[in-house]
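These notes concern the structure reproduced below.
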Amino acid sequence: MTETPPGTAERVVVVGGGHAGTTLAGLLRQGGYRGELVLLGSETDLPYQRPPLSKKFDGDGPVQWLRPAEFYREQDITVRLGEQVTVVDRAARRVRTASGGTYAYDVLVLATGAVPRGLTLPGADTRGVITLRTLSDARVLRGYLADRGRLVIVGGGYIGLEVAAAARANGVEVTVVEREGRVLARVASTRFSQALTRHHRARGTDIVTGARVVGLTSRHGHVDGVELADHGRLECDAVLVGVGAVPQDGLARAAGLECDEGIVVDGRARTGDPSVLAIGDATRRPVAGVPGSLRLESIPSATEQARQACSVILGTATPAAEVPWFWSDQFGLKLKIAGVVREPGDSGAQVTRGTAVRGDPSSERFALFHHEDRIVTAVESANAPADFAAGRKFIASRRRVDPARLADPGTPLSEAVMN
Ligand SMILES: Cc1cc2nc3c(=O)[nH]c(=O)nc-3n(C[C@H](O)[C@H](O)[C@H](O)COP(=O)(O)OP(=O)(O)OC[C@H]3O[C@@H](n4cnc5c(N)ncnc54)[C@H](O)[C@@H]3O)c2cc1C
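First residue of the sequence shown? That's 5 in my numbering, and the numbers climb one at a time after it.
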């Protein structure tokens, strides 16, 4: 297959009108791309922000458009909503949609995102059992929360905890059920998990860990309980299932592109086909300083990959690699996390791991600096933007630090770097 030389594409087709795809479309026009630009999205709403869906249940609700409708017209971006791409024909360089449309491309960008993992349990498809990914999911959830009933959240990940916080603030009774021994077990350090657990419990959220859901019960076709293996039955009016997301890599897989729980891309969003790029939650990607490849599900990662794809399409310089990071809001806690958290017992090279705790994790302001051989590899922070910013710089610079100074709030962080 002949490659379109960088900077010469005349038809770019983006599949997926989420954060990654929409950001890329804007960047391409901003970077001077004048060719045809088509954004195909299976949702019927204009592209919107997902973070507010789990955080904002008051006021105007969760709708925040990524761009106003006129933006797409002014920028000559053809947006086709409600268009599900069903086939990628790489040999002919065109995609087909469920409605029968075909779109030819010089460069195709797959930005198909992820979908919530469901529960495969008796009663999992009962009314009142919901997941949260789209605006319409959020509208359904909002309806339940308005009734101030009892909500069980299956899964103590970031989305589950954010909804728990918002629901409690709305007077809803909330129980979080987590299979692992602690919340955020996959993504956060034990100390951070413990601190957040304390904050949630202090605000009345019940958190049950080490609990396996074995079934959901219903009354008149609506969920009314969650049965746990060893912890009895929890009565409820709604269940939110927040047990992770599955990358939407089916299109890519069917088109013969390499996938491994996510479309495999390099550090510039390129797949094995020079005419096909992939960005966002659908991908598995390398991360500087971390062995192997990772699936990152965050706005900063989607934005970074959109920049990478833009540079490939326009033939401009590759943007510098970023330290991965994301944020979460729970109650009054603005949480910011950067790097990849590894626990002292995790496998890996022979390194000495430790954590410098700056501030009191039972208060509302603190930062945890995780280090390996005195090099900071991750920072987890609550209401501590300056500590977070310094932590990101430490991670990027890989300079050695003095953990005792990091842990001393009286010592400026700039003095923690060892010469
Ligand atoms: C409730 C919630 C809260 C979040 N909060 C945060 C946060 O606080 N901070 C943070 O950093 N990240 C957060 N995230 C994660 C963040 O929203 C995602 O990382 C980001 O949206 C990924 O963008 P994306 O474009 O890759 O995928 P998506 O936003 O999922 O967009 C993919 C789009 O592609 C469409 N699509 C899929 N297949 C096809 C097809 N075949 N044809 C056409 N269209 C298709 C989908 O319908 C979807 O609209 C949150 C996510 C959720 C769900």
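Glycine included, every Cβ here is placed at the ideal spot set by N, Cα and C.
Take the Cβ of residue 291 as the centre, count every other Cβ of all protein chains shown within 10 Å, and call the residue buried at 16 or more, exposed below.
Numbered from its first residue, the sequence shown carries residue 291 at position 287. Buried, since its Cβ has 16 or more Cβ neighbours within 10 Å.
Rounded C-beta distance between residue 256 and residue 282? I'm assuming under 8 angstroms.
Here residue 256 refers to the residue found at position 252 of the sequence shown. Here residue 282 refers to the residue found at position 278 of the sequence shown. Contact flag correct, Cβ pair sits at about 7 angstroms.
Euclidean distance between Cα positions of residue 253 and residue 285
Position 249 of the sequence shown, counted from the start, is the residue given in the question as residue 253. Position 281 of the sequence shown, counted from the start, is the residue given in the question as residue 285. C-alpha separation (whole angstroms): 10 angstroms.
Cβ-heavy atom distance, residue 246 to ligand 1, below 6 angstroms
As a position in the sequence shown, residue 246 is number 242, starting the count at 1. Incorrect: residue 246 has no Cβ contact closer than 6 angstroms to ligand 1.
Unbroken beta strand (DSSP E) run spanning residue 375, endpoints:
Looking up residue 375 in the sequence shown gives position 371. Looking at the DSSP string, the run of the beta strand (DSSP E) that includes residue 375 is 370-376.
Of the choices 153, 185, 53 and 297, whose alpha-carbon is the least far from that of residue 215?
As a working note, residue 215 is residue 211 in the sequence shown. Cα-wise, what sits closest to residue 215 is 185.
Could you work out which residue in 338, 72 and 32 is closest to residue 49 when comparing CA atoms only?
The residue given as residue 49 occupies position 45 in the sequence shown. Answer by Cα proximity: 72.
Residue 203 to residue 178 span [Cα, whole Å]
As a first step, residue 203 must be located in the sequence shown, where it is residue number 199. As a first step, residue 178 must be located in the sequence shown, where it is residue number 174. Straight-line Cα distance between these residues: approximately 14 angstroms.
Could you pull out every residue in the same chain whose Cβ sits closer than 7 angstroms to the Cβ of residue 265, ignoring the five residues on either side in sequence?
Locating residue 265 in the sequence shown gives position 261, where the first residue counts as 1. Here the set comprises 251, 288 and 299.
Buried or exposed, going by whether 16 or more other CB atoms sit within 10 Å of the CB of residue 106?
Here residue 106 refers to the residue found at position 102 of the sequence shown. So residue 106 ends up on the exposed side.
Closer than 6 angstroms to a non-hydrogen atom of ligand 3 - does that hold for the CB of residue 46?
Among the ligands in the structure shown, ligand 3 does not appear; only ligand 1 can be found there.
For residue 48, the three-state DSSP class (helix, strand or coil):
Translated into the one-based positions of the sequence shown, residue 48 becomes position 44. DSSP places residue 48 in coil when its eight states are reduced to three.
Please determine if the stretch 120-132 and the stretch 318-332 are in contact, where contact requires at least 3 C-beta pairs separated by less than 8 angstroms.
no
Beta carbon of residue 384: closer than 6 angstroms to some heavy atom of ligand 1?
For the purposes of this step, residue 384 is taken as the residue at position 380 of the sequence shown. With a threshold of 6 angstroms, the Cβ atom of residue 384 does not count as near ligand 1, since no heavy atom of the ligand is closer than that.
So what does residue 338 bridge to, in DSSP terms?
Reading the sequence shown from its first residue, position 334 is the one you call residue 338. Per DSSP, 333.
Mind reading off the beta-carbon distance from residue 403 to residue 421? Whole number of angstroms is fine, and I expect it under 8 angstroms.
Working through the sequence shown from its first residue, we reach residue 403 at position 399. Working through the sequence shown from its first residue, we reach residue 421 at position 417. Between residue 421 and residue 403 the Cβ distance is about 5 angstroms, and since that is below 8 angstroms, they are a contact.
Quickly, what does DSSP pair residue 200 with across the bridge? List them, please.
Position 196 of the sequence shown holds residue 200. In the DSSP output, where bridge partners are listed per residue, residue 200 has none listed.
Any contact between the stretch 146-161 and the stretch 238-246? By contact I mean 3 or more CB pairs, one from each, below 8 angstroms.
yes
Given that a residue counts as buried once 16 or more other Cβ atoms are within 10 Å of its Cβ, and exposed if not, what is residue 4?
No information on residue 4 is available, as it lies outside the stretch 5 to 423 that the chain covers here.
Proximity below 7 angstroms, CB of residue 407 to CB of residue 336:
As a working note, residue 407 is residue 403 in the sequence shown. As a working note, residue 336 is residue 332 in the sequence shown. Their beta carbons are not under 7 angstroms apart, which means residue 407 does not touch residue 336 by this criterion.
By Cβ distance, which residues of its chain are closer than 6 angstroms to residue 82, with the 5 residues on each side in sequence left out?
Within the sequence shown, numbered from 1, the residue matching residue 82 stands at position 78. The answer, listed in chain order, is 42.
Boundaries of the beta strand (DSSP E) in which residue 107 is found, first to last residue
Along the sequence shown, one-based indexing puts residue 107 at 103. 106-108 is the span of the beta strand (DSSP E), which, as asked, contains residue 107.
Sequence-distant residues of its chain with Cβ nearer than 6 angstroms to residue 233 (five each side left out):
As a first step, residue 233 must be located in the sequence shown, where it is residue number 229. Cβ within range, chain order: 216 and 218.
Nearest-angstrom Cα distance between residue 35 and residue 272?
Taking the sequence shown and counting its residues from 1, the one referred to as residue 35 is at position 31. Taking the sequence shown and counting its residues from 1, the one referred to as residue 272 is at position 268. Roughly 17 angstroms between the two C-alpha positions.
Can you tell me the Cα-Cα spacing of residue 226 and residue 131, whole angstroms?
Taking the sequence shown and counting its residues from 1, the one referred to as residue 226 is at position 222. Taking the sequence shown and counting its residues from 1, the one referred to as residue 131 is at position 127. Cα-Cα distance, rounded: 5 angstroms.
Would residue 277 and residue 54 be called neighbours here (beta carbons separated by less than 7 angstroms)?
Locating residue 277 in the sequence shown gives position 273, where the first residue counts as 1. Locating residue 54 in the sequence shown gives position 50, where the first residue counts as 1. For residue 277 and residue 54, no; Cβs fall outside 7 angstroms.
For residue 504, count neighbouring C-beta atoms within 10 Å of its own C-beta (all shown protein chains included) and say buried if the count is 16 or more, exposed if not.
What the structure shows of the chain is the stretch from 5 to 423, and residue 504 is not part of that stretch, so it cannot be assessed.
Starting from the C-beta of residue 200, find all residues in its chain whose C-beta is less than 6 angstroms away, skip the five residues before and the five after it, and write them out in chain order.
Position 196 of the sequence shown, counting from 1, holds the residue named residue 200. The answer is none, since no qualifying residue turns up.
How about residue 17 and residue 109: do their beta carbons lie closer than 7 angstroms?
Counting from one through the sequence shown, the residue named residue 17 turns up at place 13. Counting from one through the sequence shown, the residue named residue 109 turns up at place 105. A contact, by the Cβ cut-off of 7 angstroms.
Between the beta-carbon of residue 380 and the beta-carbon of residue 392, is there less than 7 angstroms?
On the sequence shown, residue 380 is found 376 positions in, with the first residue counted as 1. On the sequence shown, residue 392 is found 388 positions in, with the first residue counted as 1. For residue 380 and residue 392, no; Cβs fall outside 7 angstroms.
Does DSSP put residue 315 in a helix, a strand or coil?
The sequence position of residue 315 within the sequence shown is 311, counting from 1. Under the three-state reduction of DSSP output, residue 315 falls in the helix class.
In three-state terms, what does DSSP make of residue 272?
As a first step, residue 272 is located in the sequence shown; it is residue number 268 there, counting from the start. Residue 272: coil per DSSP, three-state reduction.
In whole angstroms, what is the alpha-carbon distance linking residue 313 and residue 192?
In the sequence shown, the residue the question calls residue 313 occupies position 309. In the sequence shown, the residue the question calls residue 192 occupies position 188. C-alpha separation (whole angstroms): 29 angstroms.
Select from 346, 153 and 364 the residue whose C-alpha is nearest the C-alpha of residue 356.
As a working mapping, residue 356 is identified with position 352 in the sequence shown. Residue 346 is the option with its Cα nearest to residue 356.
Which residues share a DSSP beta bridge with residue 155?
Looking up residue 155 in the sequence shown gives position 151. Bridge partners of residue 155: 178 and 242.
Pick from 338, 301 and 365: whose alpha carbon is nearest that of residue 23?
Working through the sequence shown from its first residue, we reach residue 23 at position 19. Among 338, 301 and 365, the Cα nearest to that of residue 23 belongs to 301.
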